[in-house]
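J.: Protein chains in written order, with the UniProt record's numbering: chain V, 1 to 407; chain U, 1 to 407. The C-beta atom is built at its ideal place from N, Cα and C for all residues, glycine as well. From a predicted model like this one, the values you see are computed outputs, not experimental measurements.
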């Protein structure tokens with residue numbers, strides 16, 4: 001029997017493992033492991049002798065051979081208790097998972113450590129990603145580490161420091177006059193001609209598995225007792241899917257027991273399809289002209305499997321909320337005054353916590369973990385030192401390549 | 001007997017522990033521990049059960065009570081092997097210690113975790129530091145975490161992103177029309193009136209001890225076998241002093257044995273007092289108008305105890321070299337193409353490695369560790385979002401305070 005395979009989260013069909021993340025039915029193919037066998041082979045108490053990195057959970061990652069692993073030193077980020085916030089908000093426990101301490105300065109390191117390892121193992125040599133920014137620079141860094149070519153397509157208003165990261169790591173970098181799904185469309189159109197492997201959210205099985213390690217780590221760092229509430233800044237949703245999957249696996253492994261956390265998605269009010277879907281019961285992505293939120297990882301009008309994210313939130317008895325730009329700015333300042341370099345996305349989780357505490361949805365005796373997904377530094381308004389081509393379509397990208405003789 | 005005390009590195013005088021880092025003779029007071037007792041109490045093999053943070057070495061840090069510890073999740077940064085560089089340069093082992101993954105995005109987190117803990121323990125409530133940047137933002141973050149006031153004074157050409165960090169963490173922030181020693185002079189002048197505790201390099205014993213953990217970690221991460229060569233980007237030199245001190249303590253603890261690494265200081269050619277001192281035998285700091293290097297942590301014309309740094313380099317059979325701005329830029333690009341976000345200071349260590357390998361000073365069979373002290377992101381040319389007062393003296397700073405009613 002194979003060590004891992006895939007199962008559709010929608011139609012439950014089981015398939016042999018491949019790099020494809022989409023089921024014929026339109027659902028998401030999630031990786032499955034022989035958890036009985038892992039339970040017999042690994043004791044959770046033995047994990048402490050393993051490296052302080054996400055690869056301590058190697059049995060729960062879909063890389064067949066250890067030598068395929070592409071690492072830059074990701075994972076096992078600090079979980080920092082925030083006593084001043086606990087006192088201020090009247091909550092028993094508040095922890096911040098400091099994902100900005102990953103190698104590329106964001107939580108995206110995890111997904112691409114896993115995905116690039118997988119692609120390397122399967123002989124892929126050119127990877128492309130549509131991204132609001134941090135995924136693009138993480139892809140570029142891990143591809144560089146693997147000796148793989150990379151192409152990054154990000155929105156025109158992507159923070160300059162993040163674009164600069166893509167260039168530094170050597171990715172062919174384009175900005176698109178549009179949103180993240182416009183970037184994805186360009187990659188879909190060009191994939192065959194360019195030889196791109198499309199590593200967009202949920203296109204392949206690696207990213208969810210890498211993100212899953214956030215949930216595994218959280219459990220281990222809290223001595224296998226999960227918090228009552230997890231507040232997570234949600235764009236494409238692979239982190240929510242990954243963490244929820246982690247908790248299911250931990251239950252099956254009997255490494256945890258009891259109640260799972262209520263999962264909360266926070267988005268910015270100008271683009272909050274998840275909050276809207278929770279309210280109306282139907283998933284209706286906003287039209288591009290309705291999207292008014294800032295250029296952050298939260299701005300994903302049409303996540304590839306929003307239904308699955310909503311399903312998880314409901315199953316966990318969680319919620320999805322929108323917070324305003326002003327609330328995010330205020331929360332970012334508050335995090336700074338507590339010594340934390342917080343991205344707008346990370347700050348949004350604090351804004352969400354304040355809102356849910358005021359509404360009584362989070363109670364005084366509960367424990368809450370916020371995910372600070374990236375550094376504040378990345379979001380200053382800065383123009384990259386090199387000119388980056390602006391494209392509206394794949395044909396414009398192709399035209400640019402022909403004019404410059406580049407790739 | 002006290003758990004720790006201090007001893008002058010120059011005159012060998014032993015004194016009771018205090019916050020003072022300077023001996024009456026002008027030498028540096030270094031913290032001493034009862035290593036016999038620690039050796040009896042702690043087995044090195046037991047360290048693996050401790051948190052993945054610099055506080056795993058708490059017995060070797062001068063904080064008396066655990067509740068004094070101010071932490072943001074610092075230390076236990078990845079040591080990443082660089083096989084493509086090994087092949088390219090023909091060297092058996094090259095590792096990069098990724099210090100940019102510390103909470104404030106630089107190695108300065110370690111020194112200030114230790115110093116701010118110490119100051120908290122001793123009841124200090126207002127701390128000030130002269131800095132080329134990363135020390136200032138680290139001080140600001142840890143002071144914020146401790147609920148302590150902080151004042152940062154940095155050169156006028158300090159990278160804007162780093163100044164922005166100081167502001168974010170809530171420090172009173174000034175830029176001085178001069179170099180780091182001009183900032184130090186202002187703090188000395190204002191200390192009594194403002195109530196500042198001067199936490200400049202080697203002014204107090206905490207910073208060296210915090211930096212020391214880089215050496216302790218390196219030993220443990222390499223299974224207690226130190227590399228042949230350590231290349232370290234050197235400004236004030238407390239990292240060199242700290243790591244060398246770490247190795248002496250590890251020898252006394254019998255946690256390591258055998259030969260210690262040759263310690264290499266890399267500086268930028270436009271301000272290389274250590275390289276000059278190694279060549280000429282005398283320590284003569286360059287005059288301000290002779291300093292032509294970029295605004296990085298390397299630009300310290302007159303380190304507070306340059307003699308001690310030179311002594312350590314010689315004792316280790318190491319060397320000090322200068323590399324050009326162009327070599328640093330080229331090395332930074334090379335690091336980027338290998339997936340590493342490298343500050344100019346970190347990149348300087350690669351430039352130094354290339355130079356020493358070409359000169360035959362590093363041989364093919366040797367092992368080398370480079371310290372990447374900070375993220376590339378911090379060094380883009382960007383202006384902080386808030387106006388920061390420019391001062392040339394303490395009286396100008398005082399004038400500014402009176403005009404704005406601020407502090």
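(1) Can you list the residues of chain U that residue 48 of chain V reaches, using a CB-CB cut of under 8 angstroms?
(2) For the ligand ADP, is there a heavy atom less than 8 angstroms away from the beta-carbon of residue 390 of chain V?
(3) Listed in chain order, which residues of the segment 313-343 of chain V have Cβ atoms closer than 9 angstroms to some Cβ of chain U?
(4) Please report the residue range of the beta strand (DSSP E) in which residue 96 of chain U lies.
(5) Measuring alpha carbon to alpha carbon, tell me which of U/268, U/275 and U/175 ends up nearest residue 326 of chain U.
(6) Over what stretch of residues does the alpha helix (DSSP H) that includes residue 54 of chain U continue unbroken?
(7) Measure from the C-beta of residue 220 of chain V to each C-beta in chain U and report whether the shortest distance is under 9 angstroms.
(8) Between residue 169 of chain U and the rest of its own chain, which residues show a CB-CB distance below 6 angstroms, the 5 nearest in sequence each way excluded?
(9) Name the two residues that bound the continuous alpha helix (DSSP H) containing residue 212 of chain V.
(10) Cβ of residue 158 of chain V within 9 angstroms of Cβ of residue 184 of chain V?
(11) Counting only C-beta atoms, is residue 228 of chain V closer than 9 angstroms to chain U at any point?
(12) Closest by CA to residue 68 of chain V, which one among V/107, V/119 and V/109?
(13) Buried or exposed: where does residue 211 of chain V fall if 16 or more other Cβ atoms within 10 Å of its Cβ makes it buried?
(14) When you compare the segment 223-237 of chain U with the segment 343-357 of chain U, are there three or more beta-carbon pairs, one atom per stretch, that lie closer than 8 angstroms?
(15) Suppose the cutoff is 7 angstroms on Cβ atoms and the five residues either side in sequence are ignored; what does the same chain contact list for residue 310 of chain U look like?
(16) Residues of the segment 378-400 of chain U with a CB closer than 7 angstroms to any CB of chain V: list them in chain order, please.
(17) With a 10 Å radius around its C-beta and 16 neighbouring C-beta atoms as the bar for buried, classify residue 299 of chain V as buried or exposed.
(18) Secondary structure at residue 107 of chain V, three-state DSSP: helix, strand or coil?
(19) Please report the distance separating the alpha-carbon of residue 336 of chain V from that of residue 86 of chain V.
(20) By the criterion of Cβ-Cβ separation under 7 angstroms, what are the contact partners of residue 76 of chain U in chain V?
(21) So, at 6 angstroms on beta carbons, what are the nonlocal neighbours of residue 213 of chain V in its own chain, with the 5 sequence-adjacent residues on each side left out?
(22) Locate the alpha helix (DSSP H) running through residue 185 of chain V, then write down its first and last residues.
(23) Indicate whether the contact test is met: 3 or more Cβ pairs, each with one atom in the segment 94-110 of chain V and one in the segment 363-376 of chain V, closer than 8 angstroms.
(24) Pick from U/270, U/369 and U/355: whose alpha carbon is nearest that of residue 80 of chain U?
(25) Run through DSSP, which three-state label would residue 102 of chain V get?
(26) Could you please give the first and the last residue of the uninterrupted beta strand (DSSP E) stretch that includes residue 28 of chain U?
(27) Examine chain V for any beta-carbon lying closer than 9 angstroms to the beta-carbon of residue 85 of chain U, and answer yes or no.
(28) Along chain U, in chain order, which residues have C-beta atoms closer than 9 angstroms to that of residue 65 of chain V?
(29) Could you tell me the boundaries of the beta strand (DSSP E) in which residue 263 of chain U lies?
(30) Specify, as a first and last residue, the run of the alpha helix (DSSP H) that residue 166 of chain V falls within.
(31) Which partner residues does residue 313 of chain U have in the DSSP bridge list?
(32) Residue 29 of chain U and residue 8 of chain U look like a contact to me (Cβ under 8 angstroms); what is the Cβ gap, rounded to whole Å?
(33) For residue 252 of chain U, collect the residues of the same chain with a Cβ closer than 7 angstroms to its Cβ; drop the 5 residues on either side in sequence, then sort them by chain order.
(34) Can you tell me where the beta strand (DSSP E) with residue 16 of chain V in it begins and where it stops?
(35) Kindly give me the distance between the Cβ atoms of residue 172 of chain V and residue 151 of chain V, rounded to whole angstroms, as I take these residues to be in contact under 8 angstroms.
(36) So with Cβ pairs under 9 angstroms, would you call residue 71 of chain U a contact of chain V?
T.: Looking at the atomic coordinates:
(1) 48 and 49
(2) The ligand ADP is not part of this structure, which contains no ligands at all.
(3) 332, 333, 335, 336, 337, 338, 339, 340, 341 and 342
(4) 93-98
(5) U/268
(6) From DSSP, residue 54 of chain U is part of no alpha helix (DSSP H); its letter is neither H nor E.
(7) no
(8) 140, 141 and 144
(9) 206-221
(10) no
(11) no
(12) V/119
(13) buried
(14) yes
(15) 274, 277, 278 and 283
(16) 378, 380 and 382
(17) buried
(18) coil
(19) 16 angstroms
(20) 52
(21) 54, 57, 75 and 110
(22) 180-194
(23) yes
(24) U/369
(25) coil
(26) No beta strand (DSSP E) holds residue 28 of chain U; DSSP gives it neither H nor E.
(27) no
(28) Chain U residues near residue 65 of chain V: none, gap ~17 angstroms exceeds 9 angstroms.
(29) 262-268
(30) 160-168
(31) According to DSSP, which records beta bridges pairwise, residue 313 of chain U is partnered with nothing at all.
(32) 6 angstroms
(33) 35
(34) 14-16
(35) 4 angstroms
(36) yes
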